[in-house]
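Residue numbers (my numbering): 1169 to 1786. Even for Gly, the Cβ is constructed at its ideal location relative to N, Cα and C. The model shown is predicted, which means the values in this text are computed figures rather than measured ones.
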């Protein structure tokens, strides 16, 4: 008789619906802002003319979207929470003619898998609406209710059943900033719809329906009102319309740049390059123009089903799109005479001034030279340098200099012991001849050749180490303003400010909230000039947003890097000999004087034999 074979059970089983939904939700709902995007787009697809977004606790406690759209029947309302249930497409052919925002049928199912959801909806033709309560993908309650026409979806306690995902969420300020970003993108796409955003019972946005330009100004700030250039080109293949910023609005970071294809926000480095090339020679290389551009074309030549977020799309012919975008922006800038022109005509009234009509005598000259204005222009301030107390600890200069003979050496040691920490007279570079080249580079002789120091890169390294030390030890000293200035921010920038305001205090800024989207600058670090404090904060916010894309940096690190970028001495700035000595001394007192925080060199060493080889014939 044959031995009985061992029974081996089958291993593959179907996952329960609630677990499958939770897994799928990981792709679609990554953070509260993801749910905001999906719910707002559903409201737009429903044909709403008014959409309200309510947020509590940065979306962790509540995300609610109320619209006056078409509403749903009782059956549709129940079906909407099933996976792959959608009213947008019915066949594979429909996938290539998509005009709606949503079509995958995954959003509500994903939301219901990771949150407690309450749905109220009613159609115009129905006498009563329907109320459905869903938790963990299971319908808990369903009953008829009285409600206005439209739909209200409330999503509570996000990730209540996925604690690991909840723990990975950032601070409320950081999450709120992402929510504002998503809200801005949807609201900008549909200026004909009234949008409101209320967070913790405080209204942040109230956007009346109107033109695209009005909507851009409402979202991005009044400073764009007179600085937008209209773009409009219609062809048989595609239409391009929208606005681009005049060259003077260009910023150091990619802040206000929006591309929409068939009203859907997309990210495309390829199309961004097309716009940048249109601005060639109009703006500095390290600047980025503002633009809000819409591309309308046949959905059949676009694939939006590349990623669940639908922000990455594929074009049938990218080169044509690139050429159209570039040409449209170039044409707009040329048409509106944005390119800079020189005016050689002299105002006739200037000729009547006494300073022009009367001779400039020696008496007038001496009187002008003693004035405060003359002194202000001729005596350069030293405010952007922070004096250090460890000037005697120059760790890295010795490799470029040989030690002198014993007699001189003993004198040097003696002087080192008596060195005043607030002067640089003991520095080994005191007697060196420092020269500034092209208002950007400093040459420092060494025993074997010379060093070529980049002043901006060097100052970035100095400031970086000073701020890093300050953030760990005692805070940077704050200089209080006699006359505090008020800072008006856009809601998006206000969300960023809320995120970083505590860290700013550690780094020497004293900024306090002053009503809705307003802040008062009570004090700044001692090395920031009072006249530029508002401008300083504006640039700081832009640079911080730029660094926010870098996942590897902590919040404090992003802030420090943003500060040094804008506080460092810029290339092209004329320095006095004293300033150069300060900078060189501070640089070689650093832990890592040879590179910037970004890894670029602060100086290059040229040896004499290298130079001689360059001049010898081959």
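Using a threshold of 8 Å, state whether the C-beta atoms of residue i and residue j are closer than that.
i: residue 1321; j: residue 1285; result: yes
i: residue 1289; j: residue 1245; result: yes
i: residue 1648; j: residue 1678; result: yes
i: residue 1203; j: residue 1323; result: yes
i: residue 1755; j: residue 1626; result: yes
i: residue 1343; j: residue 1199; result: yes
i: residue 1197; j: residue 1248; result: no
i: residue 1675; j: residue 1606; result: no
i: residue 1362; j: residue 1377; result: yes
i: residue 1211; j: residue 1219; result: yes
i: residue 1398; j: residue 1491; result: no
i: residue 1710; j: residue 1419; result: yes
i: residue 1655; j: residue 1732; result: no
By DSSP's criteria, residue i is part of a beta bridge. Which residues make up the other side?
i: residue 1400; result: 1409
i: residue 1320; result: 1234, 1288
i: residue 1459; result: 1412, 1425
i: residue 1419; result: 1456
i: residue 1224; result: 1230
i: residue 1681; result: 1687
i: residue 1218; result: 1362
i: residue 1464; result: 1407
i: residue 1693; result: 1646
i: residue 1367; result: 1223, 1370
i: residue 1620; result: 1611, 1772
i: residue 1297; result: 1313
i: residue 1707; result: In DSSP, residue 1707 forms no bridge with anything.
In the DSSP assignment, find the unbroken beta strand (DSSP E) run with residue i in it and report its ends.
i: residue 1372; result: 1370 to 1375
i: residue 1774; result: 1771 to 1775
i: residue 1653; result: 1646 to 1656
i: residue 1307; result: 1306 to 1313
i: residue 1351; result: Counting along the chain, residue 1351 falls outside any beta strand (DSSP E), though it belongs to the alpha helix (DSSP H) covering 1340 to 1357.
i: residue 1447; result: From DSSP, residue 1447 is part of no beta strand (DSSP E); its letter is neither H nor E.
i: residue 1605; result: 1603 to 1605
i: residue 1608; result: First-last for residue 1608: undefined, no H or E at that position.
i: residue 1432; result: 1432 to 1434
Give me the residue from the options with the minimum Cα distance to residue i.
i: residue 1636; options: 1676, 1411, 1652, 1725; result: 1725
i: residue 1433; options: 1352, 1447, 1297; result: 1352
i: residue 1613; options: 1621, 1500, 1424; result: 1621
i: residue 1293; options: 1603, 1318, 1409, 1615; result: 1318
i: residue 1753; options: 1493, 1602, 1335, 1380; result: 1602
i: residue 1773; options: 1676, 1711, 1632, 1618; result: 1618
i: residue 1489; options: 1499, 1470, 1327; result: 1470
i: residue 1628; options: 1779, 1771, 1709; result: 1771
i: residue 1608; options: 1737, 1464, 1332; result: 1737
i: residue 1416; options: 1456, 1502, 1378; result: 1456
i: residue 1685; options: 1338, 1243, 1389; result: 1389
i: residue 1766; options: 1655, 1633, 1746; result: 1633
i: residue 1356; options: 1428, 1646, 1435, 1305; result: 1428
i: residue 1495; options: 1483, 1387, 1445; result: 1445
i: residue 1692; options: 1330, 1373, 1646, 1464; result: 1646
i: residue 1682; options: 1391, 1669, 1440, 1377; result: 1669
i: residue 1749; options: 1763, 1604, 1664; result: 1604
i: residue 1231; options: 1502, 1221, 1404, 1667; result: 1221
i: residue 1250; options: 1360, 1305, 1208; result: 1305
i: residue 1410; options: 1404, 1387, 1463; result: 1463
i: residue 1330; options: 1660, 1280, 1287; result: 1280
i: residue 1485; options: 1706, 1439, 1780, 1443; result: 1439
i: residue 1334; options: 1659, 1302, 1228, 1660; result: 1228
Mind reading off the beta-carbon distance from residue i to residue j? Whole number of angstroms is fine, and I expect it under 8 Å.
i: residue 1630; j: residue 1652; result: 29 Å between Cβ atoms; not a contact.
i: residue 1283; j: residue 1236; result: Not quite, the Cβ-Cβ distance comes to about 24 Å (not below 8 Å), so this is no contact.
i: residue 1412; j: residue 1459; result: 4 Å
i: residue 1375; j: residue 1383; result: 6 Å
i: residue 1205; j: residue 1350; result: 4 Å
i: residue 1730; j: residue 1708; result: 5 Å
i: residue 1624; j: residue 1610; result: Wrong, their Cβ atoms sit about 11 Å apart, outside the cutoff.
i: residue 1431; j: residue 1373; result: 19 Å between Cβ atoms; not a contact.
i: residue 1339; j: residue 1667; result: 7 Å
i: residue 1408; j: residue 1226; result: In fact, because the Cβ distance is near 36 Å, the residues do not count as touching under 8 Å.
Between which two residues does the alpha helix (DSSP H) holding residue i run?
i: residue 1387; result: 1380 to 1388
i: residue 1670; result: 1659 to 1674
i: residue 1177; result: Run containing residue 1177: none; DSSP gives neither H nor E here.
i: residue 1751; result: 1745 to 1755
i: residue 1331; result: 1331 to 1335
i: residue 1242; result: 1242 to 1247
i: residue 1763; result: From DSSP, residue 1763 is part of no alpha helix (DSSP H); its letter is neither H nor E.
i: residue 1737; result: Taken as a continuous stretch (DSSP letters only), residue 1737 belongs to no alpha helix (DSSP H), as it is neither H nor E.
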